[in-house]
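*Asks:*
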Amino acid sequence: MIAVYGAPSYDVKEELTLLRQQLDQIERQLGLESESDNLPVVFPKPFKSGDKVRRQLAWQPMKRSLSWQPMKKKSIDNYYDNREEVINILENRLMEVLSAGERLGVSAGDVIEHLRRSRNTM
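Numbering (this note's numbering), first residue to last: 5 to 126.
(1) Could you give the distance in angstroms between the alpha-carbon of E95 and the alpha-carbon of E89?
(2) Whole angstroms are fine: how far does the CA of R87 sit from the CA of G177?
(3) Specify the secondary structure class of D28 as computed by DSSP and reduced to three states.
(4) Taking DSSP as the reference, what is the three-state secondary structure of D15?
(5) Which class does N86 belong to by DSSP, given the choice of helix, strand or coil?
(6) How would you write the range of the alpha helix (DSSP H) that S111 sits in, first residue to last?
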C-alpha cells in the first residue's frame, strides 16, 4: 500500500490515479471485483459563474415570513363612532360614483334615482 505524506500534491489527476490504485489493491485483498475497471475516469465540468452564484445562494438561510406577527387592528365599534366621519366617508364615495357616472354619460340624477329604486326593492 502506498501512502504519501508531506507537501500537498497539486496534480489532481495523478492523485486520483494513486487513489484508484489503492482502492483496487484493497478490493483485491478483500476478494471483491474491481469496479474501477468498468468505469471510465470522469472529471466534473467547471461551474459556470451563474451556477456558482445559484449554488452559493442555495446555502443561505431562508428569510422568515412576517405574517405571523400580530397586526394592530381598529375595533369595528370604535371605527364608526364618529357620525361626521361616517358622513364624510359616504359623501366622498358618492362623489366618486357620480363623477364616474358622468364620465360614462350617466347623469347624477339618474344614478341617485337608481339608488332610490334599488333601496326600495330591498
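Note that CB positions come from ideal geometry on N, CA and C, so glycine has one too.
*Replies:* In short:
(1) 10 Å
(2) An answer regarding residue 177 cannot be provided, because it is not within the stretch 5 to 126 covered by the chain.
(3) helix
(4) coil
(5) coil
(6) That residue, S111, is in no alpha helix (DSSP H); it is neither H nor E in DSSP.
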